[in-house]
Every structure is written in C-alpha cells, then in structure tokens.
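Enquirer: With the working numbering applied, the sequence shown covers 27 to 272. We put the CB at the ideal spot given by N, CA and C, even for glycine.
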Amino acid sequence: MTPIVAVTADRSPGEPRTEPNEHGRIRPLPARVHVNECVVSAIKANGVDCIILPPEPANIETTVNWVLNHCQGLVITGGHFDIHPSLYGHTVDARIDRVDEGRTDLEIALARATIKENFPVLGICGGMQALAVAGGGTLIQDIRTQVPGAMEHEQTTPPTEPWHPITIETGLIRKAYGCSILRVNSTHHQAVDDPGCFTITARAPDGIVEAIEHPSNRCCVGVQWHPEFIDPAPLRMLAWFAANPK
Numbered sequence: 027m028t029p030i031v032a033v034t035a036d037r038s039p040g041e042p043r044t045e046p047n048e049h050g051r052i053r054p055l056p057a058r059v060h061v062n063e064c065v066v067s068a069i070k071a072n073g074v075d076c077i078i079l080p081p082e083p084a085n086i087e088t089t090v091n092w093v094l095n096h097c098q099g100l101v102i103t104g105g106h107f108d109i110h111p112s113l114y115g116h117t118v119d120a121r122i123d124r125v126d127e128g129r130t131d132l133e134i135a136l137a138r139a140t141i142k143e144n145f146p147v148l149g150i151c152g153g154m155q156a157l158a159v160a161g162g163g164t165l166i167q168d169i170r171t172q173v174p175g176a177m178e179h180e181q182t183t184p185p186t187e188p189w190h191p192i193t194i195e196t197g198l199i200r201k202a203y204g205c206s207i208l209r210v211n212s213t214h215h216q217a218v219d220d221p222g223c224f225t226i227t228a229r230a231p232d233g234i235v236e237a238i239e240h241p242s243n244r245c246c247v248g249v250q251w252h253p254e255f256i257d258p259a260p261l262r263m264l265a266w267f268a269a270n271p272k
C-alpha cells in the first residue's frame, strides 16, 4: 500500500471583484482552501501520496485520530496568519497579523499528537512555530521590533530565491542537505523564542531560530523557511520516514 502523508491547508477569504475582467465578465474570487502544489509534488515525487486536511474540521479529535491511524506522516504547512500569544501564555505586545483560530487549533492538536506518538512530522514556517508551541515553547511576536539588530526576515524578493544563510547543527536537516551552511528564503515576522521540548538545530546569522528537532523522536522537525520553493530536501526526508515505518 502506498504510504500517505497528510498536509494541512491554508485558507483565504476571497475578493469581491465588482469590476469586469478583460472579457467583460464579473468573476469574484471565492474563499478558498489551498495548498501550494509544490509541497504536494515534492512529496509525491518520492513515491508517497498526499491527502489535504481542511483547516477547520467539524471535530478536531476525530481528524487527529484519523491521521494517526490512516497516514504515515504529516506536514504542517505555513500560511498568511499568526499564532495568537494566548496559546503560549503571553499577551499581545507587538505586531500580530491575521489570526486563524480554527486552523491553528487543528495544527497544534496535530502537533501535540505527533510529538506524543513519535509520528513523522515536518513543520514548515508557521508549522514549525506550531510545533514549538505544542511542545511547550514560545514565540517572538515580531522580529523587527523585538530583536534589536535583527536582519530582515520578510524578504523583498520572490520566495523562490534564497535570502540569507543559516548554520545547521548536527541533526536530520543537516543530513538531508548534506551541508552545514545553507541559503534559505525568508517570509516570516514571528519566530521561535523558547523551543520547548525541541532542540534548536539551525540559526540565522542574527541568532533567529531556523530549525528545530525533537531530541528523541525519529522524525519530528521544523524549518522556518519554505523548502518547497527552493530545495525540498526536508520534504524528501519526511517522505522517506513515511515510507519506512519503524
């Protein structure tokens, strides 16, 4: 049977679009649930299939149990939203962008379950932050205003282009790339502060956390960049663990 990796989805509110398009037709853009196709393609290229999870299921516990019982891996994707500080015991004291409570509740529940069950999981960008919060950690709410001397982590160029270097310590991410220095893209304003139960395995030159790994689970990893746009080595890594159960 082909292994299956569950992938969390983002959602967008849509646009009214009251003006006609170039063909003279009015076509509002409806609210959407979506995943970047390059995430799915990177997983399927390694002989593993995907199933996309809705961002706010009718019953979170049922969804979490289904993933654990029917899938062999999980990718918690990033998106255009922030994790509210109340979820890690803090109050708002800096910039907070759009909050998606339904999606965040699902992703943190999934993260907690995969940590507990030693289930292969990869968190990408906001997905890494969800892993950290689920593991008892905290976040920097806004790098620019809360980290003096920090470099720009919201790149002005397309995310298909690397933006800054990182240094990778020993761990699965270093093995996946086969190097200790890597240039990555950067599209975030929040970051992991206290990693909770995780070990920090990569940092940017300004000290911002770029990767975390669980010290005892077989594959429980988060990366702050979007590898699907440049080199999907972490997605290949997760696919391998999904295809080779313990």
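Where does G152 fall in DSSP's three states?
Expert: G152 falls in the helix class under three-state DSSP.
Enquirer: At 3 residues or longer, what runs of the beta strand (DSSP E) sit wholly inside the region 145-201?
Expert: Entirely contained in the region 145-201, the beta strand (DSSP E) runs reaching 3 residues are, in chain order, 147-150 and 190-194.
Enquirer: Which residue from R53, N91, A237 and H49 puts its Cα closest to that of K201?
Expert: Of the candidates R53, N91, A237 and H49, the one whose C-alpha sits nearest the C-alpha of K201 is A237.
Enquirer: Grab me the residues of I102's own chain with a C-beta within less than 6 Å of its C-beta, minus the 5 sequence neighbours each way, in chain order.
Expert: The residues are T34, E133, G149, G153 and A156.
Enquirer: Considering Cα atoms alone, identify which of V173, G163 and T213 is closest to M232.
Expert: Met is not the amino acid found at residue 232; the sequence shown has Asp there. For the residues V173, G163 and T213, the minimum Cα distance to D232 belongs to V173.
Enquirer: Nearest by alpha-carbon distance to D168: which of I207, T196, M177 and A120 is it?
Expert: D168 has its Cα closest to that of A120, out of I207, T196, M177 and A120.
Enquirer: On the three-state DSSP scale, how would you describe R37?
Expert: Three-state result, R37: strand.
Enquirer: Can you name, in chain order, every residue of its own chain whose Cβ lies under 8 Å from the Cβ of H106, other than the five neighbours on each side?
Expert: Excluding positions up to five away in sequence, the list reads D36, S38, D123 and R124.
Enquirer: Please report the residue range of the beta strand (DSSP E) in which G128 lies.
Expert: No beta strand (DSSP E) contains G128, which is instead part of the alpha helix (DSSP H) from E127 to E143.
Enquirer: So R209 and P191 are in contact, right, with Cβ under 8 Å, and what is the actual spacing, rounded?
Expert: Contact flag correct, Cβ pair sits at about 5 Å.
Enquirer: How big is the Cα-Cα spacing for A137 and A160?
Expert: Roughly 6 Å separates the two Cα atoms.
Enquirer: Report the CB separation of A259 from Y203 in whole angstroms; it is logged as a contact under 8 Å.
Expert: A259 to Y203, Cβ: 5 Å. Contact.
Enquirer: Which runs of the beta strand (DSSP E) at least 3 residues long sit entirely within the region 62-135? Give them in chain order.
Expert: Runs found: 75-79 and 99-102.
Enquirer: Is the Cβ-Cβ distance between A265 and V74 less than 8 Å?
Expert: Yes, Cβ-Cβ distance for A265 and V74 is below 8 Å.
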